[in-house]
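Student: For reference, the structure I am asking about is given below.
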Amino acid sequence: MAALQIDDLPAAIRQAKRELRERLPNYREVFAEVEKAISEEARLIAERRDRGEAVIPVIQFSDIAEQRVGPAQIELVKVRGACVIRNVFDRKLVEAWDREIADYVERNDLDRRLQHRAEDKYFGELQSSKPQIYGIYWSRPQVLARQAPSLTAARVFLNRLWRNESEGRVHFAPDHVPVYADRLRRRPPGSESLGLSAHCDGGSVERWIESNFRKVYRHVFDGNWRRYDAFDAAFRPDVLEIASPAVCSMFRTFQGWTALTPQGPGDGTLQLVPIANSMVYILLRALQDDVAEDDLCGAMPGRALSIKPEWHGPLFDALSPIPKMEAGDTVFWHSDVIHAVEDAHHGTGYSNVMYIASAPACAKNNDYLERQLPAFLEGKSPPDFPSDHFEVDFVGRATTDDLTPLGRAQLGLNL
């Protein structure tokens, strides 16, 4: 699919604001309603969190496998926009994977090569810049985890939480889970100021400017914000992003990672704002009169959509750490959910994860698979990421011999 190109961004923002305010003349009153509702939800989440109650739903993988996840649990996942799924993988298997990845990194002298990596500008505007992310995509453990039947079943469950048919169209096939090859995080204990401040992925200025993004958020921009359903996939596979290293050009139903080591609050790990509809607040906040006409609350093209206390204060009340994770547990969050990574790792062991998202089969994603497949075969960095291509000559890299029939299908080898 084509990328979105904007030649004069300040002019495009001014034009977008004019059009959106004309479409919603009472934008001030509607935002006041939204702010009141979201602030109240954030306050309740903060109260529960501070009492030590769980604010991010937890599901046992065995309940997914046995189809025992009840309607109330499903509804809570959809309200919170996130969940932890326990015991997706056997702990001993994952511990062996973690050792294999450490050996893969060490044997191929990756730390030295990282000094010469391509600059990843995607997170450059965030107050906290980059956690210890390794531009590794094709280690055997990553490839084996992506094609595992258990993780595939978990992601099919998540894909099915979405409405994949609406507006008279079928948007995606939930039971097919294509590979979106992503990186690793390996964070040693004691590391400081290597987190990520609050942000959303999957589009920044595009959300206000690009026509299909406006259709995704049609009810918000029409003022019928209570009709907005974050899990309605209408128009999401049609959106166009501004091309940039590390801007995801696949449609992900959920972002996610698999824990390779135990980690919890204070270990330099993930924080979420568990409000699936928080994008409603973000979109309408940028239209208010105290924001400059050529500004969208600091949104920058080709970057993560940064969430800032000066513009989005109420949302920060709900920013909460994920619960303690064990090796083999996974966490997933809706592609519009605000997330951050703690600056400091105060724990005693490595805080390691494999980033593995949930994505469904659709034309947008099939197009990406075609561009990604040569990267797997040659050991190069995938199309969405900085072109370091570290693994081209790595010893121990996964090959087609490591793929199961399911793995081949998920990588698009059978398309």
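Quick note: the sequence shown uses our numbering, first residue 908, plus one each step.
Glycine is no exception: its CB is placed at the ideal position from the N, C-alpha and C atoms.
From a predicted model like this one, the values you see are computed outputs, not experimental measurements.
According to DSSP, simplified to helix, strand and coil, what is Ser1118?
Tutor: Helix, per DSSP.
Student: Could you pull the start and end residues of the beta strand (DSSP E) that Ile992 belongs to?
Tutor: 989-993 is the span of the beta strand (DSSP E), which, as asked, contains Ile992.
Student: Given this structure, state the Cα-to-Cα distance separating Gly1110 from Ala1206, to the nearest angstrom.
Tutor: Approximately 10 Å, taken between the alpha carbons.
Student: Could you name the residues that DSSP lists as bridge partners for Leu1103?
Tutor: Per DSSP, Val1248.
Student: Counting only the same chain and skipping the five closest in sequence on each side, list residues whose C-beta sits under 8 Å from that of Thr1311.
Tutor: Gln1054, listed in sequence order.
Student: For the region 1209-1263, which segments carrying the beta strand (DSSP E) assignment without a break, of at least 3 residues, lie completely within its bounds, in sequence order?
Tutor: Listed in chain order, the complete beta strand (DSSP E) runs (minimum 3 residues) inside the region 1209-1263 are 1237-1241, 1246-1248, 1258-1262.
Student: Any idea which residues DSSP pairs Gly1163 with across the strands?
Tutor: Paired residue(s): Phe1239.
Student: Jot down the residue ranges of each uninterrupted beta strand (DSSP E) in the region 967-1023, minimum 3 residues, whole runs only, in chain order.
Tutor: Within the region 967-1023, the complete beta strand (DSSP E) runs of at least 3 residues are 989-993.
Student: Where do the N-terminal and C-terminal ends of the beta strand (DSSP E) with Arg1093 fall, by residue?
Tutor: Counting along the chain, the beta strand (DSSP E) containing Arg1093 begins and ends at 1091-1094.
Student: Which value, in whole angstroms, describes the spacing of the CA atoms of Cys1204 and Val1187?
Tutor: The alpha-carbon atoms of Cys1204 and Val1187 are separated by roughly 14 Å.
Student: I need the boundaries of the beta strand (DSSP E) containing Leu1177, first residue and last residue.
Tutor: Unbroken beta strand (DSSP E) run through Leu1177: 1177-1179.
Student: Go ahead and label Gln1178 buried or exposed: buried means 16 or more other beta carbons lie within 10 angstroms of its beta carbon, across all protein chains shown.
Tutor: Burial call: buried.
Student: With DSSP run on the structure shown, which of helix, strand or coil describes Tyr1041?
Tutor: If DSSP states are grouped into helix, strand and coil, Tyr1041 belongs with the strands.
Student: Buried or exposed: Gln974, going by 16 or more other Cβ atoms within 10 Å of its Cβ?
Tutor: With fewer than 16 Cβ atoms within 10 Å of its Cβ, Gln974 is classed as exposed.
Student: How many Å lie between Val1198 and Ile920 at the Cα?
Tutor: Going by the C-alpha atoms only, they are around 12 Å apart.
Student: Rounding to the nearest angstrom, what Cα-Cα distance links Asp1082 and Arg1067 in this structure?
Tutor: Cα-Cα distance, rounded: 8 Å.
Student: Judging by CA-CA distance, which residue of Glu1233, Gly959, Pro1281, Ile981 is the nearest neighbour of Leu1065?
Tutor: When each option's Cα is compared against that of Leu1065, the closest is Ile981.
Student: Return the CA-CA distance between Trp1164 and Pro1230, expressed in angstroms with no decimal places.
Tutor: Roughly 14 Å between the two C-alpha positions.
Student: Within 10 angstroms of its Cβ, does Lys924 collect 16 or more other Cβ (buried), or is it exposed?
Tutor: Lys924 should be labelled buried.
Student: Tell me, to the nearest whole angstrom, how far the beta carbon of Ala1162 is from that of Met1232; I am working on the premise that it is less than 8 Å.
Tutor: The amino acid occupying residue 1162 in the given sequence is Gln; Ala does not appear at that position. No, Gln1162 and Met1232 are not in contact; Cβ-Cβ is about 15 Å, not under 8 Å.
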